[in-house]
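Participant:
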Amino acid sequence: MQKNRGFSLLEALLSILLLWLVASLAVPAFDNLLQSQRSLVALHSLRGALSHARQTAVFTGRPVSVAAREGDWAKGWALFHDDDNDGRPQPGEPPLRLHPALEDVEIRPDSTSRHYIHYRPQGHAIRPNGAFHAGHLKVCSRHATSHRIVINRSGRIRTESAPSASLCPR
Numbered sequence: 001m002q003k004n005r006g007f008s009l010l011e012a013l014l015s016i017l018l019l020w021l022v023a024s025l026a027v028p029a030f031d032n033l034l035q036s037q038r039s040l041v042a043l044h045s046l047r048g049a050l051s052h053a054r055q056t057a058v059f060t061g062r063p064v065s066v067a068a069r070e071g072d073w074a075k076g077w078a079l080f081h082d083d084d085n086d087g088r089p090q091p092g093e094p095p096l097r098l099h100p101a102l103e104d105v106e107i108r109p110d111s112t113s114r115h116y117i118h119y120r121p122q123g124h125a126i127r128p129n130g131a132f133h134a135g136h137l138k139v140c141s142r143h144a145t146s147h148r149i150v151i152n153r154s155g156r157i158r159t160e161s162a163p164s165a166s167l168c169p170r
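If you number the sequence shown the way the UniProt record's numbering does, the last residue is 170 and the count never jumps.
(1) So, with DSSP's three-state summary, where would you put Phe30?
(2) Measure from the alpha carbon of Leu98 to the alpha carbon of each residue in Ala78, Asp104 and His133, then state which is nearest.
(3) Hey, quick one: how far does the alpha helix (DSSP H) through Ser166 stretch, first residue to last?
(4) May I have the straight-line CA-CA distance separating Ile157 from Phe30, to the nearest angstrom?
(5) Which two residues bound the contiguous beta strand (DSSP E) that contains Leu98?
(6) Report the rounded CA-to-CA distance for Ala125 versus Leu17, giving the unit in angstroms.
(7) Let's test the definition: count the other Cβ atoms within 10 Å of the Cβ of His133 and tell me whether it reaches 16, buried, or not, exposed.
(8) Closer than 7 Å by C-beta to Arg54: which residues in its own chain qualify, once you throw out the five before and the five after it? Chain order, please.
(9) Suppose you measure from the CA of Leu96 to the CA of Asp86; what does that come to, to the nearest Å?
(10) Is DSSP giving Ser146 helix, strand or coil here?
(11) Please state whether DSSP places Gly6 in a helix, a strand or coil.
(12) State the DSSP-derived secondary structure class of Glu160, mapped to helix, strand or coil.
(13) Does the contact criterion of 3 or more C-beta pairs under 8 Å hold for the segment 5 to 13 versus the segment 50 to 68?
(14) For Cys140 and Pro128, what's the separation of their Cα atoms in angstroms?
Here it is, written out as structure tokens:
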């Protein structure tokens, strides 16, 4: 009767080498998938916040703003009733919703959307001077595809996708 002695050193080294080879092929693909998902989560979260702000303004009859935390959309944002259209919550304007910082995603606003977006009860987005707000926010990541959230004159929101190299050049 033969005893089972386990693996030889050569068999163990070959097994480890094979495992390392498979892992080295899988990690870049997993990183690409992770970047893609982070970009999509940021896109849907920000679009959802803008839609929620517009709907809340219409349903409550009070203006609502979505403001970037510390002036940077990637650090998160806050939704709040903003009766004075200054983009900053006052003591009587508690936050309706807060969103935490994003990971490995950059948000590039245009000049009109840099700090906040304000919705009137009619559903229109306006600027601090009362003019209509039409602008965009680019959701940029290291993935091959980036996204843009476009706000039109009436306050409606749509999204576009494009290669990161053209939408978010480094």
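Idealized CB from N, CA, C, for every residue including glycine. Owing to the predicted nature of the structure, the values given are computational and were not obtained by experimental measurement.
Facilitator: Answer, in terms of the structure:
(1) helix
(2) Ala78
(3) Per DSSP, Ser166 belongs to the alpha helix (DSSP H) from Ser164 to Leu167.
(4) 31 Å
(5) Pro95 to His99
(6) Taking the CA atoms as reference points, Ala125 sits about 59 Å from Leu17.
(7) Label assigned to His133: buried.
(8) Excluding positions up to five away in sequence, the list reads Tyr119, Gly123 and Gly155.
(9) So the alpha carbons of these two residues sit roughly 16 Å apart.
(10) strand
(11) In the structure shown, Gly6 sits in coil (DSSP, three-state: anything other than H, G, I, E or B).
(12) strand
(13) no
(14) 27 Å
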